[in-house]
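**Q** Here my numbering is used: the first residue of the sequence shown is 4, the next is one more, and so on.
Cβ coordinates follow ideal geometry from the N, Cα and C atoms, glycine included.
Remember, predicted model here, so these are calculated numbers, not experimental data.
Here you go, one structure.
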Amino acid sequence: MTTLPATDHRNYNRFLLLVAGLGGLLYGVDVGIIASALPYLEATSGLNAGQLSFIVAAVLLGSVISTLFAGTLADAMGRKNLMALSGVLFVVSIPMIALSHGYGALVLGRLLQGVSAGLIGVVIPLYLAECLSKDDRGKGTGIFQWLLTLGIVIAAAIGIYFSYRVDQVSKLGDAAQLLAFKDTAWRSIFWVSLPPGVLFVIGSFLVAESPRWLHRRGKIDAARAALLRSRTAEQAELELQEMATTAAAEQTGASAGATRESLLHRKYVIPFILACVILACNQATGVNSIIGYNTTILLQSGLSDVAAHWGYLILTSVNFLVTMAGVALVDRKGRKFLLTLGSAGIIASLLVVGVLFHRTEKLRVDAGAAVQALVTPEQRATLSFNPATADKLVATAGDAGRALAGRPTTLVVIYSYGDFRAATTVVRSDDATAKPVEITRESCLPPNKVVAFFSNPFADLAAARTAPLKIENALVTPVPSERNGWLTAVFIFAFMACFAVGPGVCVWLALSELMPTRIRSNGMSIALLINQAVSTGIAAVFLPTVGRYGYSTMFFAFAGCTVVYFVTAAFFLPETKGRTLEEIEEHFARGSAKN
Numbered sequence: 004m005t006t007l008p009a010t011d012h013r014n015y016n017r018f019l020l021l022v023a024g025l026g027g028l029l030y031g032v033d034v035g036i037i038a039s040a041l042p043y044l045e046a047t048s049g050l051n052a053g054q055l056s057f058i059v060a061a062v063l064l065g066s067v068i069s070t071l072f073a074g075t076l077a078d079a080m081g082r083k084n085l086m087a088l089s090g091v092l093f094v095v096s097i098p099m100i101a102l103s104h105g106y107g108a109l110v111l112g113r114l115l116q117g118v119s120a121g122l123i124g125v126v127i128p129l130y131l132a133e134c135l136s137k138d139d140r141g142k143g144t145g146i147f148q149w150l151l152t153l154g155i156v157i158a159a160a161i162g163i164y165f166s167y168r169v170d171q172v173s174k175l176g177d178a179a180q181l182l183a184f185k186d187t188a189w190r191s192i193f194w195v196s197l198p199p200g201v202l203f204v205i206g207s208f209l210v211a212e213s214p215r216w217l218h219r220r221g222k223i224d225a226a227r228a229a230l231l232r233s234r235t236a237e238q239a240e241l242e243l244q245e246m247a248t249t250a251a252a253e254q255t256g257a258s259a260g261a262t263r264e265s266l267l268h269r270k271y272v273i274p275f276i277l278a279c280v281i282l283a284c285n286q287a288t289g290v291n292s293i294i295g296y297n298t299t300i301l302l303q304s305g306l307s308d309v310a311a312h313w314g315y316l317i318l319t320s321v322n323f324l325v326t327m328a329g330v331a332l333v334d335r336k337g338r339k340f341l342l343t344l345g346s347a348g349i350i351a352s353l354l355v356v357g358v359l360f361h362r363t364e365k366l367r368v369d370a371g372a373a374v375q376a377l378v379t380p381e382q383r384a385t386l387s388f389n390p391a392t393a394d395k396l397v398a399t400a401g402d403a404g405r406a407l408a409g410r411p412t413t414l415v416v417i418y419s420y421g422d423f424r425a426a427t428t429v430v431r432s433d434d435a436t437a438k439p440v441e442i443t444r445e446s447c448l449p450p451n452k453v454v455a456f457f458s459n460p461f462a463d464l465a466a467a468r469t470a471p472l473k474i475e476n477a478l479v480t481p482v483p484s485e486r487n488g489w490l491t492a493v494f495i496f497a498f499m500a501c502f503a504v505g506p507g508v509c510v511w512l513a514l515s516e517l518m519p520t521r522i523r524s525n526g527m528s529i530a531l532l533i534n535q536a537v538s539t540g541i542a543a544v545f546l547p548t549v550g551r552y553g554y555s556t557m558f559f560a561f562a563g564c565t566v567v568y569f570v571t572a573a574f575f576l577p578e579t580k581g582r583t584l585e586e587i588e589e590h591f592a593r594g595s596a597k598n
């Protein structure tokens, strides 16, 4: 039996981490690239708002579809082959999008990107958990998350670069040249994301297959060879013995007439539920909504438009930088410690932000009736929100409204057509450059039934297309002080730091480490699907809740959900640091409550 020198083990582990990290980078690029390309695509493609919305949402649709089958594919094809397939799908999607001259090709390319992202989200954490040693597993999965955040940052940086280029061309004063360059810009943004995909595909063919997948297929020698690329002979033989013991126990149960093991078996139920709770709670912290609506949130808290955009840049930078700290700590301090610390910090940060918003929101008034009166027969409404208009609106709200007269205020309108709701962007009465608030059916309704289903599965799209415009709320809120805005921003940054150091890094580990090998791939698919379902549900209720009850209520609700996260991490989650996957499985098989 040939063993590699220790330096070769280290080099191979670094290479494996690099390949898996490229997968995380692709996942982040999948998520973030469209935001950079969309303004130029919108200006040059001739697509309507509904078609553009579906192009944006196609990644989510593709991801949900592939997540359903990722576990089954990982078992059938092997982890390595599925990684390569996910990379190939991403690589194929880039020229399909960048060379497209029609709606169909764009949608298909974006769907392929979503399918790629869904596969990567399952197979990379699964592969890392099964390939890395117990001492490197946390670091490896943390690097996946870190490079995922880097992918989002890179996508934003690419967009900033081309925005400067577009600005330079616009100064030439040639409209035709500007239009042509915008067309080149959005295509180039996608082309730039191609090299990492090609490198990921090449790397996927060069790494070894998962030794645990090989062992379950009866390929013992291949499993040993895969282990020897990253471990000493003694470590490899020890892990092979543990795999053999686990397989023998399963075979004994089967030969004794036991029912074929499934997710409902007792020794699988607890780790499966723990993984699902952690994945659900990860979204229930509100992280996606806080990131997605960050600029709006900071505007409402008292910051100017420029300061709010700087706040968003700081937020994404905090996420990226603190994730690095989480990667460094996860194998030293452990998953349980970081999840407990992170969730506790999230609760404290959310409560403070909720209190800061409540101080202002208790003074706001609803001028919905006055805005409803502005609706035209075509079921549209346009409103220029300046100091004079603001005073007219608040005057309709009685004494509470008159108390706001003469003060800078913000306006956000929550409106609906049938079963679908939307909200305008926040505008301030003291912003002389703000565009008029425009409320249209196109800005509210999904473009087709597929997007409508993911927006609201119980809504009637056909009825909404003819339903009248209903102004549910027109919320006028006094603008807090700039000091209040920055104080709110600081605690939102604290929320992001706590999330990044704990849940952001550890969620992928929880997903891959807790469940036994027999059910790990399919269990991960189900848990990740629950994660996406919770994210979609929060997105559906966020705007109506904020509109009716305020940001404070939403932040308090997020804090309450995170309490469940904290209790689960502190009292029910076993520490998996320094344990092999077989040792973790044995822990649950014994039903031990000790960590």
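#1: How many angstroms separate the CA atom of Val333 from the CA atom of Ala572?
#2: I need the DSSP call for Arg367, collapsed to helix, strand or coil.
#3: So, are the CB atoms of Thr491 and Thr288 less than 7 Å apart?
#4: Would you call the stretch 313-326 in contact with the stretch 146-155, where contact means no fewer than 3 C-beta pairs closer than 8 Å?
#5: Let me check understanding here. Comparing Cα to Cα, which of Thr248, Lys222 and Ser446 lies closest to Arg383?
#6: I'd like to know if the stretch 343-351 and the stretch 486-503 are in contact, where contact means that at least 3 CB-CB pairs between them fall below 8 Å.
#7: Which whole-angstrom value is the C-beta distance of Met86 and Tyr130, which I expect to be below 8 Å?
#8: Considering only the alpha carbon of each residue, which of Ile442, Asp33 and Gly488 lies closest to Pro471?
#9: Going straight from the alpha carbon of Thr385 to that of Gln375, what length do you get?
#10: Indicate the three-state DSSP secondary structure (helix, strand or coil) for Lys336 in the structure shown.
#11: Tell me, please, whether the stretch 212-227 touches the stretch 111-120 by the rule of three or more beta-carbon pairs shorter than 8 Å.
#12: DSSP beta-bridge partners for Thr385?
#13: Can you tell me which of the three DSSP states Phe208 falls into?
#14: Would you decide whether Tyr167 is buried or exposed? Buried here means 16 or more other CB atoms lie within 10 Å of its CB.
#15: What do you get for Lys365, buried or exposed, if any count of 16 or more other CB atoms within 10 angstroms of its CB means buried?
#16: Spell out the partners DSSP gives Ser419 in its beta bridges.
#17: Of the residues Glu588, Leu512 and Phe569, which one's Cα is nearest the Cα of Gly124?
#18: Can you pull the DSSP bridge partners for Val397?
#19: With DSSP as the reference, please indicate the residues paired to Thr412 in a beta bridge.
#20: Who does Val430 pair with in a DSSP beta bridge?
#21: DSSP three-state label for Leu50, please.
#22: Would you kindly work out how many angstroms separate the C-alpha atoms of Ser320 and Val309, rounded to a whole number?
#23: Looking only at its own chain, which residues have a Cβ that is under 6 Å from the Cβ of Ala393, when we skip the five neighbours before and after it?
#24: Please go through the same chain and pick out, in chain order, the residues whose beta-carbon is closer than 6 Å to the beta-carbon of Asp78, but skip the five residues on each side of it.
#25: List the whole-angstrom C-beta distance separating Cys134 from Leu341, where the pair is believed to meet the contact cut-off of C-beta under 8 Å.
#26: Which residue from Ala560, Ser233 and Leu464 puts its Cα closest to that of Arg17?
#27: Leaving out the 5 sequence neighbours to the left and right, which residues in its chain are closer than 7 Å to Ile273 when beta-carbon positions are compared?
#28: With DSSP collapsed to three states, give me the class of Glu578.
#29: What are the boundary residues of the alpha helix (DSSP H) that includes Ser555?
#30: Hey, quick one: how far does the alpha helix (DSSP H) through Gly81 stretch, first residue to last?
#31: Taking Leu517 as part of the alpha helix (DSSP H), name the residues at either end of that continuous run.
#32: Using only the alpha-carbon positions, how far apart do Thr424 and Pro128 sit?
#33: Quick one: residues in its chain with C-beta nearer than 8 Å to the C-beta of Val453, no 5 flanking neighbours on either side, listed in chain order?
#34: Look up Ala462 in the DSSP assignment and say whether it is helix, strand or coil.
#35: Tell me, to the nearest whole angstrom, how far the beta carbon of Leu29 is from that of Phe147; I am working on the premise that it is less than 8 Å.
#36: Three-state secondary structure (DSSP) at Asn14?
**A** In terms of the structure at hand:
#1: 14 Å
#2: coil
#3: no
#4: yes
#5: Ser446
#6: yes
#7: 6 Å
#8: Ile442
#9: 11 Å
#10: helix
#11: no
#12: Glu441
#13: helix
#14: exposed
#15: exposed
#16: Arg424 and Lys473
#17: Leu512
#18: Its beta-bridge partners do not exist; DSSP assigns none.
#19: Pro481
#20: Leu414
#21: coil
#22: 17 Å
#23: Thr412 and Ser432
#24: Ser524
#25: Not a contact, Cβ separation roughly 22 Å.
#26: Ser233
#27: Phe591
#28: coil
#29: Tyr554 to Val570
#30: Element bounds for Gly81: n/a, residue is neither H nor E.
#31: Counting along the chain, Leu517 falls outside any alpha helix (DSSP H), and DSSP gives it neither H nor E.
#32: For the record, residue 424 in the displayed sequence is Arg; it is not Thr. Their Cα atoms are separated by approximately 36 Å.
#33: Phe57 and Leu64
#34: coil
#35: That pair is no contact at about 11 Å.
#36: helix
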